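A.B. asks: The structure's right below; bear with me while I get my questions together.
There are 2 protein chains.
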Amino acid sequence: MLDYAALHALAAVVREGSFERAARALHVTPSAISQRVRLLEERVGCALVVRGQPCLPTDTGRRMCQHMDRVRLLERELHDALPALAPEVGTRVVLPVAVNADSLATWFAPALAAFAEQAPVLMEVSVDDQDHTGEWLRTGAVLAAVTGTARPAAGCNSQPLGAMRYVAAASPAFVARFFGEGVGAGSLAQAPSLVFNTKDELQARWVRRLCHRHVELPRHSLPSSQAFVTAGLAGMGWGLHPEALIAPHLADGSLVELVPGQTLDVPLHWQTARAASGLLDGLTRQMLAAAQRALLPL
Amino acid sequence: MLDYAALHALAAVVREGSFERAARALHVTPSAISQRVRLLEERVGCALVVRGQPCLPTDTGRRMCQHMDRVRLLERELHDALPALAPEVGTRVVLPVAVNADSLATWFAPALAAFAEQAPVLMEVSVDDQDHTGEWLRTGAVLAAVTGTARPAAGCNSQPLGAMRYVAAASPAFVARFFGEGVGAGSLAQAPSLVFNTKDELQARWVRRLCHRHVELPRHSLPSSQAFVTAGLAGMGWGLHPEALIAPHLADGSLVELVPGQTLDVPLHWQTARAASGLLDGLTRQMLAAAQRALLPL
Numbered sequence: 001m002l003d004y005a006a007l008h009a010l011a012a013v014v015r016e017g018s019f020e021r022a023a024r025a026l027h028v029t030p031s032a033i034s035q036r037v038r039l040l041e042e043r044v045g046c047a048l049v050v051r052g053q054p055c056l057p058t059d060t061g062r063r064m065c066q067h068m069d070r071v072r073l074l075e076r077e078l079h080d081a082l083p084a085l086a087p088e089v090g091t092r093v094v095l096p097v098a099v100n101a102d103s104l105a106t107w108f109a110p111a112l113a114a115f116a117e118q119a120p121v122l123m124e125v126s127v128d129d130q131d132h133t134g135e136w137l138r139t140g141a142v143l144a145a146v147t148g149t150a151r152p153a154a155g156c157n158s159q160p161l162g163a164m165r166y167v168a169a170a171s172p173a174f175v176a177r178f179f180g181e182g183v184g185a186g187s188l189a190q191a192p193s194l195v196f197n198t199k200d201e202l203q204a205r206w207v208r209r210l211c212h213r214h215v216e217l218p219r220h221s222l223p224s225s226q227a228f229v230t231a232g233l234a235g236m237g238w239g240l241h242p243e244a245l246i247a248p249h250l251a252d253g254s255l256v257e258l259v260p261g262q263t264l265d266v267p268l269h270w271q272t273a274r275a276a277s278g279l280l281d282g283l284t285r286q287m288l289a290a291a292q293r294a295l296l297p298l
Numbered sequence: 001m002l003d004y005a006a007l008h009a010l011a012a013v014v015r016e017g018s019f020e021r022a023a024r025a026l027h028v029t030p031s032a033i034s035q036r037v038r039l040l041e042e043r044v045g046c047a048l049v050v051r052g053q054p055c056l057p058t059d060t061g062r063r064m065c066q067h068m069d070r071v072r073l074l075e076r077e078l079h080d081a082l083p084a085l086a087p088e089v090g091t092r093v094v095l096p097v098a099v100n101a102d103s104l105a106t107w108f109a110p111a112l113a114a115f116a117e118q119a120p121v122l123m124e125v126s127v128d129d130q131d132h133t134g135e136w137l138r139t140g141a142v143l144a145a146v147t148g149t150a151r152p153a154a155g156c157n158s159q160p161l162g163a164m165r166y167v168a169a170a171s172p173a174f175v176a177r178f179f180g181e182g183v184g185a186g187s188l189a190q191a192p193s194l195v196f197n198t199k200d201e202l203q204a205r206w207v208r209r210l211c212h213r214h215v216e217l218p219r220h221s222l223p224s225s226q227a228f229v230t231a232g233l234a235g236m237g238w239g240l241h242p243e244a245l246i247a248p249h250l251a252d253g254s255l256v257e258l259v260p261g262q263t264l265d266v267p268l269h270w271q272t273a274r275a276a277s278g279l280l281d282g283l284t285r286q287m288l289a290a291a292q293r294a295l296l297p298l
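Keeping their order, the protein sequence lines are chains A and B.
Under the UniProt record's numbering, the first residue of the first sequence is numbered 1, with each subsequent residue one higher.
Under the UniProt record's numbering, the first residue of the second sequence is numbered 1, with each subsequent residue one higher.
Encoded structure:
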């Protein structure tokens, strides 16, 4: 059996970033924390924390913290099933999830907040491209994720959420300046586009579908869904925006579609680790209901 | 003298993520790209790119790409000074900058967009905590940054931007549920707080100033300024929000101050690499003007 007091200390060091703050959080002395982590490292046979400012987990250390999160989740189930056991009033379970930025900026945040407002959890949200959130699940860094792929990660269940509709849009002045002669490979090679980050492939996919070939796009990168819209409104570039986020701007004409009707629908799926957890089931119900209202049926 | 055709190929591989796409972008064959990068690696004496999907730069490779960005910036100056030299119509210079998320969500994005709409640039925006953007400058990953510290990074100039005012706020229902007996160390230890990510120290600073000691806060982490506000409105937790972002919610009562008048002002500075560049000067002018309108004087 693992030494869970030591694991608890390790998780605190990683969460707090230092032995001193971990000690304060657990109401013990720094030397007690240090001793527990050292014993655990001797048992495992390798370093679990890189001592620095902040202290960071090694790969093995991170894996052990994830194990700790899962055990806590199971404990919470047990407490719910056996109320007599439970003096842990007010204890909250850490639920790490990964989501794509555009979901977070639209339907995901209100649904998550509604769930967290009721459930005894502390949500730990990580943001990555929908084509990369599956990797977070696979490595065990999160217990649930919004992914672009339907195929479940190992040890996970997958359910369809719906499709997010993207519209290629820019300000009317930008369209007049760069697309006066129409939208084609020639004009797209000159007009600055907006990408979220280097992982963002949506613009390139839209252009391939329109022009039936690759066009090298000049790109601004701007890693924020809302800043993307601000940049679009100010005429910095054209980009693929979630329809839900720019509907008011399309309605009042401050943004216009590059090619009317040429939208891109991105299917999204909800994947969860196969841990028998009522909390995770509750989160799943909330997510599926919110997605059904906000996304297009797959 | 370095082989700039080879550096150009290296930068394209890093930007595009593969030798094939770099070749397409530069209108040469993949084997030409591969040969140029290999020659450069032989010259430098170490690998510059880790071949994979995507191809990623080694530390040395990244440093060489940054050098390339700087040379391009100087070339742009030269072209502007010697118009006769300039057949490079439509060429845009990559300007990498780092900014804290709350600035990006408020005053920074419109100012950046206004600059980029006029200047022959492609902005590459990275987001990090204001206490860590200085590191991006120091390593040369960006040419300009919004930082929390006035002390210039090596080789950089620093100018004050102003202070961003933060307000500790939550929904009225959340305040009634957790702070009915007042805001103090006891209630703060029970009420879930919102942090942007593990680097985010603002909530802890605010609590230390209020309670004159450290309080271990239960924390949801949610890495998006706007999702932070959504979560606050839905009663998921209390958090420190930029006043500019939640002013309408404070006005209509959907968010309320935890301790009226107990705000936190965070000074921000604008640091730029000391490259004699008119483009960077133009960006600086835009940033200082926008900050003067949006931030409090230091």
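Ideal Cβ positions, reconstructed from N, Cα and C, are used throughout, including at glycine.
Since this is a predicted model, take the numbers as computed values, not measurements.
1) Any heavy atom of the ligand NAP closer than 6 angstroms to the beta-carbon of B:L26?
2) Taking the alpha helix (DSSP H) that B:E117 belongs to, which residues open and close that run?
3) Under 7 angstroms, CB to CB, which of the residues in the region 210-237 of chain B have a partner in chain A?
4) Going along chain A, which residues have a C-beta under 7 angstroms from B:V125?
5) Tell me, to the nearest whole angstrom, how far the beta carbon of B:T147 is from that of B:Q271; I am working on the premise that it is less than 8 angstroms.
6) May I ask which residues mark the beginning and end of the beta strand (DSSP E) holding A:H249?
7) Give the range of the beta strand (DSSP E) segment to which B:P30 is assigned.
8) Does any C-beta atom of chain A lie closer than 7 angstroms to the C-beta of B:E117?
9) May I ask you to list the residues that DSSP assigns as paired with A:T147?
10) If you measure from the beta carbon of A:R63 to each beta carbon in chain B, is any gap under 7 angstroms?
11) Can you list, in chain order, the residues of its chain with a C-beta nearer than 7 angstroms to that of A:R208? Leave out the 5 residues immediately preceding and following it.
12) Tell me whether A:A92 is buried or exposed, calling it buried when 16 or more other Cβ atoms sit within 10 Å of its Cβ.
13) Under the three-state reduction of DSSP, which class applies to A:H8: helix, strand or coil?
14) Could you work out which residues of chain A lie near residue 299 of chain B, taking near to mean beta carbons separated by less than 8 angstroms?
15) Applying the 10 Å Cβ sphere with the 16-neighbour rule, what's the burial state of A:W150?
16) Considering Cα atoms alone, identify which of B:V259, B:R138, B:L95 and B:E20 is closest to B:L240.
17) For B:R293, which option in B:S34, B:M164 and B:T139 has the closest C-alpha, if you only look at C-alpha atoms?
18) Evaluate B:L143 with the Cβ neighbour count: other Cβ atoms within 10 Å of its Cβ, from every protein chain shown; 16 or more gives buried, anything less gives exposed.
19) Could you check where the alpha helix (DSSP H) with A:S225 kicks off and where it finishes?
20) Roughly how many whole angstroms lie between the Cα atoms of A:S253 and A:E181?
21) Residues in the same chain with beta-carbon distance under 6 angstroms from A:A11, minus the five sequence neighbours each way, listed in chain order, please.
22) With distance defined between alpha-carbon atoms, name the residue in B:Q226, B:V266, B:A22 and B:H269 nearest to B:V249.
23) Using only the alpha-carbon positions, how far apart do A:V49 and A:I33 sit?
24) Taking Cβ to Cβ, would you say B:R157 is nearer than 7 angstroms to B:Q130?
25) First and last residue of the beta strand (DSSP E) that includes A:E124?
26) List the endpoints of the continuous alpha helix (DSSP H) containing A:L159.
27) Which residues of chain A have a Cβ atom closer than 7 angstroms to the Cβ of B:L104, listed in chain order?
28) Starting from A:P110, find everything on chain B with Cβ-Cβ shorter than 7 angstroms and list it in chain order.
29) Taking A:V195 as part of the beta strand (DSSP E), name the residues at either end of that continuous run.
30) Kindly indicate which three-state DSSP category B:H78 falls into: helix, strand or coil?
31) Report yes or no: do the region 70-77 of chain A and the region 181-197 of chain B share at least 3 C-beta pairs separated by less than 8 angstroms?
32) Output, in chain order, the set of chain B residues within a Cβ distance shorter than 9 angstroms of A:G17.
33) Counting only the same chain and skipping the five closest in sequence on each side, list residues whose C-beta sits under 8 angstroms from that of A:A257.
34) Which residue marks the beginning of the beta strand (DSSP E) containing A:L95, and which one marks its end?
35) Can A:V97 and A:V71 be called in contact, C-beta distance under 7 angstroms?
36) Using a Cβ-Cβ cutoff of 8 angstroms, what residues of the region 275-295 of chain B are near chain A? List them in chain order.
C.D. replies: Judging by the given coordinates:
1) The model on display carries no ligand, and the ligand NAP is accordingly not part of it.
2) Residue numbering aside, residue 117 of chain B sits at position 117 when the second sequence is read from its first letter. Element bounds for B:E117: A109 to Q118.
3) H214, E216, P218, R219, H220, S221, L222, P223, S224, Q226, A227, T230, A231, A234, G235 and M236
4) Translated into the one-based positions of the second sequence, residue 125 of chain B becomes position 125. Ordered by position in chain A, the residues that pass the 7 angstroms Cβ test against B:V125 are S221, L222 and P223.
5) Looking up residue 147 of chain B in the second sequence gives position 147. Looking up residue 271 of chain B in the second sequence gives position 271. 5 angstroms between Cβ atoms; contact.
6) Mapped onto the first sequence, residue 249 of chain A falls at position 249. Looking at the DSSP string, A:H249 is not in any beta strand (DSSP E); the run it does join, the alpha helix (DSSP H), is E243 to D252.
7) Position 30 of the second sequence, counting from 1, holds the residue named residue 30 of chain B. Premise fails: B:P30 lies in the alpha helix (DSSP H), P30 to V44, not in any beta strand (DSSP E).
8) Looking up residue 117 of chain B in the second sequence gives position 117. B:E117 counts as touching chain A.
9) On the first sequence, residue 147 of chain A is found 147 positions in, with the first residue counted as 1. A:H269.
10) For the purposes of this step, residue 63 of chain A is taken as the residue at position 63 of the first sequence. False, the Cβ-Cβ gap to chain B never drops below 7 angstroms.
11) Walking along the first sequence from the start, residue 208 of chain A turns up at place 208. Within the same chain, A:R208 has close Cβ partners H214.
12) Numbered from 1 along the first sequence, position 92 holds the residue referred to as residue 92 of chain A. Just to set this straight, residue 92 of chain A is Arg in the shown sequence, not Ala. A:R92 comes out buried.
13) Working through the first sequence from its first residue, we reach residue 8 of chain A at position 8. Correct three-state label for A:H8: helix.
14) Residue coverage of chain B in this structure runs from 1 to 298, which leaves residue 299 of chain B outside it and unanswerable.
15) Reading the first sequence from its first residue, position 150 is the one you call residue 150 of chain A. A quick correction: the sequence has Ala, not Trp, at residue 150 of chain A. So A:A150 counts as exposed.
16) What you label residue 240 of chain B is simply residue 240 of the second sequence in a count that begins at 1. With distances taken between Cα atoms, B:L240 lies closest to B:V259.
17) Taking the first residue of the second sequence as 1, we reach residue 293 of chain B at position 293. The shortest C-alpha separation from B:R293 is found at B:M164.
18) Numbered from 1 along the second sequence, position 143 holds the residue referred to as residue 143 of chain B. It counts as buried.
19) As a position in the first sequence, residue 225 of chain A is number 225, starting the count at 1. It spans S225 to L233 - the alpha helix (DSSP H) in which A:S225 sits, taken as one unbroken run.
20) Start at 1 with the first residue of the first sequence, and residue 253 of chain A comes out as number 253. Start at 1 with the first residue of the first sequence, and residue 181 of chain A comes out as number 181. Rather than Ser, the amino acid found at residue 253 of chain A in this sequence is Gly. When rounded, the distance between both Cα atoms is 20 angstroms.
21) Counting from 1 along the first sequence, the entry for residue 11 of chain A is found at position 11. Around A:A11: C65 and M68.
22) By one-based count along the second sequence, residue 249 of chain B stands at place 249. Note that residue 249 of chain B corresponds to His in the displayed sequence, not to Val. Of the candidates B:Q226, B:V266, B:A22 and B:H269, the one whose C-alpha sits nearest the C-alpha of B:H249 is B:Q226.
23) Stepping through the first sequence from its first residue, residue 49 of chain A is reached at position 49. Stepping through the first sequence from its first residue, residue 33 of chain A is reached at position 33. Taking the straight line from one Cα to the other gives about 12 angstroms.
24) Mapped onto the second sequence, residue 157 of chain B falls at position 157. Mapped onto the second sequence, residue 130 of chain B falls at position 130. In the sequence under discussion, the amino acid at residue 157 of chain B is Asn, which differs from the Arg named in the question. No, they are not a contact pair.
25) By one-based count along the first sequence, residue 124 of chain A stands at place 124. Unbroken beta strand (DSSP E) run through A:E124: V121 to V127.
26) As a working mapping, residue 159 of chain A is identified with position 159 in the first sequence. The question names Leu, but residue 159 of chain A in the sequence shown is Gln. That residue, A:Q159, is in no alpha helix (DSSP H); its beta strand (DSSP E) goes C156 to A170.
27) For the purposes of this step, residue 104 of chain B is identified with residue 104 of the second sequence, where counting begins at 1. The contacting residues are S224 and A227.
28) As a working note, residue 110 of chain A is residue 110 in the first sequence. Result: T230 and A234.
29) Here residue 195 of chain A refers to the residue found at position 195 when the first sequence is read from its first residue. Segment S193 to V195, the beta strand (DSSP E) holding A:V195.
30) Along the second sequence, read from residue 1 onward, the residue named residue 78 of chain B stands at position 78. The sequence given here has Leu at residue 78 of chain B, not His. In this structure, B:L78 counts as helix in the three-state DSSP scheme.
31) no
32) Along the first sequence, one-based indexing puts residue 17 of chain A at 17. Correct list: T198 and K199.
33) Indexing the first sequence from 1 puts residue 257 of chain A at position 257. Inspection of the sequence shows that residue 257 of chain A is occupied by Glu rather than by Ala. So the list reads V167, A168, A169 and L250, once near-sequence residues are dropped.
34) By 1-based counting over the first sequence, the position of residue 95 of chain A is 95. Unbroken beta strand (DSSP E) run through A:L95: V93 to V99.
35) Taking the first residue of the first sequence as position 1, residue 97 of chain A is located at position 97. Taking the first residue of the first sequence as position 1, residue 71 of chain A is located at position 71. No. Outside cutoff.
36) none
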